[in-house]
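Residues in the sequence shown are numbered consecutively from 1, following full-length UniProt numbering.
Take a look at the structure set out below.
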Amino acid sequence: MLFRLFARSRRRAAALRLYDACVELARRPGFYTDLGVPDTVDGRFDMVTLHVAVVLRRMERAGTALVAEADALMRVMFDDMDRSLREMGVGDLSVGKKVRKMGEAFLGRARAYGLALKVGDRAALEDALARNLFRKSAAGPAEIAAMAGYVLALDADLAAADTEALRAGNLPVVTAVPDVHGA
1 MLFRLFARSR
11 RRAAALRLYD
21 ACVELARRPG
31 FYTDLGVPDT
41 VDGRFDMVTL
51 HVAVVLRRME
61 RAGTALVAEA
71 DALMRVMFDD
81 MDRSLREMGV
91 GDLSVGKKVR
101 KMGEAFLGRA
111 RAYGLALKVG
121 DRAALEDALA
131 RNLFRKSAAG
141 PAEIAAMAGY
151 VLALDADLAA
161 ADTEALRAGN
171 LPVVTAVPDV
181 HGA
């Protein structure tokens, strides 16, 4: 019993490290300044969603080895969404509804990105990014293509990541934000 409690605590701490790493990746300025991702609450939610979805895809590919860790990552993400909504002044009675909507949005986006990545269909990935990440953006085909390239590279980086490193909460990713302006 006590062992399970400590294991759950370690798992949550590792999930928090993974989530924080995803948030850090999602907040890199180049996504917003160079690629045209809207620098809004929705745009940042979509960027966090994208990164967490790709990490969860890697965890899913590990089979049963990372099921509990993937669940912990999802819990940490939605606990953070709940906390963020409350900090923004959303009333207690509507937080649950908003988090549920965010969860549905997350699952839809994760499904679309995951399917495109699974079959290696860059065009489908670009379409999913245009429909979700860039839905309120003036980003053009070059920015969408650059983002798709980034997501494919991120997915490849994660495919090479050690399962035990992920279990420990370490996200060994070095994928750079693409520069579509050639600077």
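From the three backbone atoms N, C-alpha and C, an ideal C-beta is built for every residue, glycine too.
Treat the numbers as computed from the prediction; the structure is a model and nothing was measured.
- Between A123 and R111, the alpha-carbon positions lie close to 15 Å from each other.
- Contact between Y113 and A68 does not hold, since their C-beta atoms are separated by about 23 Å, which reaches or exceeds 8 Å.
- Contact annotation: V99 and D71 have beta-carbon atoms that are not nearer than 7 Å.
- In the structure shown, T175 adopts coil according to DSSP, grouped into three states.
- Nearest to L73 by alpha-carbon distance, out of D121, D39, R10 and K101, is R10.
- In this structure, DSSP gives R28 a state outside helix and strand, which the three-state scheme calls coil.
- Runs of the beta strand (DSSP E) lying entirely within the UniProt domain "Ubiquinol-cytochrome c chaperone" (34 to 171), each at least 3 residues long, are absent.
- About 6 Å separates the beta carbon of L125 from that of V151, a gap short enough to meet the 8 Å contact definition.
- When C-beta atoms of the stretch 22 to 30 are compared with those of the stretch 128 to 147, fewer than three pairs fall below 8 Å, so the two segments do not count as touching.
- Per the coordinates, the alpha-carbon of R12 lies some 16 Å from the alpha-carbon of V55.
- Between A21 and T163, the C-beta spacing is not below 7 Å.
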